[in-house]
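Since the structure comes first, as structure tokens, the remarks are kept for the end.
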Amino acid sequence: MSKTKKRQIVDYLNDILESISDIREFIGEMTQEDFVNDKKTINAVIRSLEVIGEAARNIPDTLTVCYPDIAWREIISIRNKLSHEYFGIDLDIVWQSTQEDLQPLEVAIRHMLSTIQ
126 MSKTKKRQIV
136 DYLNDILESI
146 SDIREFIGEM
156 TQEDFVNDKK
166 TINAVIRSLE
176 VIGEAARNIP
186 DTLTVCYPDI
196 AWREIISIRN
206 KLSHEYFGID
216 LDIVWQSTQE
226 DLQPLEVAIR
236 HMLSTIQ
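Residue numbers (our numbering): 126 to 242.
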């Protein structure tokens with residue numbers, strides 16, 4: 126039986142940064158109309174948002190409380206919604222999240238990393 130390395134907070138923070146980067150790469154120069162009509166990109170972005178939500182769930186409150194401008198509960202809850210509501214996903218909300226929420230989240234995560242490394 127192999128031992129799995131216990132994940133550290135920094136691993137989860139890096140997961141978030143990687144997923145943000147992936148989303149930007151997936152979307153590229155797409156318009157919202159392009160996005161909602163591209164099933165592969167939709168699925169890739171949704172998966173990356175799920176990873177962000179799952180990773181955020183593993184960041185301790187003692188750290189997230191220092192970043193009150195980030196909607197941590199919403200990030201985690203969108204992961205749950207995306208993972209469990211396959212037929213009720215509002216692509217306008219997904220698109221809006223990619224356009225408005227990733228930049229401030231990235232700034233916060235990079236700051237967190239700089240304070241704990």
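We put the beta carbon where it would ideally sit given N, CA and C, even for glycine.
- prompt: Run through DSSP, which three-state label would Gly-178 get?
  reply: The answer is helix: DSSP assigns Gly-178 an H, G or I state.
- request: Starting from the Cα of Pro-185, find the closest Cα among Ser-173, Ile-195, Ile-134 and give me that residue.
  value: Cα-wise, what sits closest to Pro-185 is Ile-134.
field: Own chain, CB closer than 6 Å to Ser-173, minus 5 neighbours either side, in chain order
entry: Here Ser-173 has Ser-144, Asp-147, Ile-148 as same chain residues with Cβ atoms under 6 Å from its own Cβ, once five neighbours each way along the sequence are excluded.
message: What does the Cβ neighbour count give for Val-219, buried or exposed, with the cut at 16 atoms within 10 Å?
response: Burial of Val-219 is indicated by the presence of at least 16 other C-beta atoms within 10 angstroms of its C-beta.
message: Beta-carbon within less than 6 Å of Leu-238's beta-carbon, same chain only, minus the 5 sequence neighbours each way: which residues are those?
response: Cβ-Cβ distances below 6 Å link Leu-238 to Leu-138 in the same chain, with the five nearest sequence neighbours on each side left out; the list follows chain order.
field: 3-residue-minimum beta strand (DSSP E) runs that sit fully inside the region 197–229, ordered along the chain
entry: Counting whole runs of 3 or more residues, the region 197–229 contains no beta strand (DSSP E) stretch at all.
- prompt: In chain order, what residues of the same chain lie with their CB nearer than 8 Å to the CB of His-236, ignoring the 5 residues before and after it?
  reply: Cβ within range, chain order: Tyr-192.
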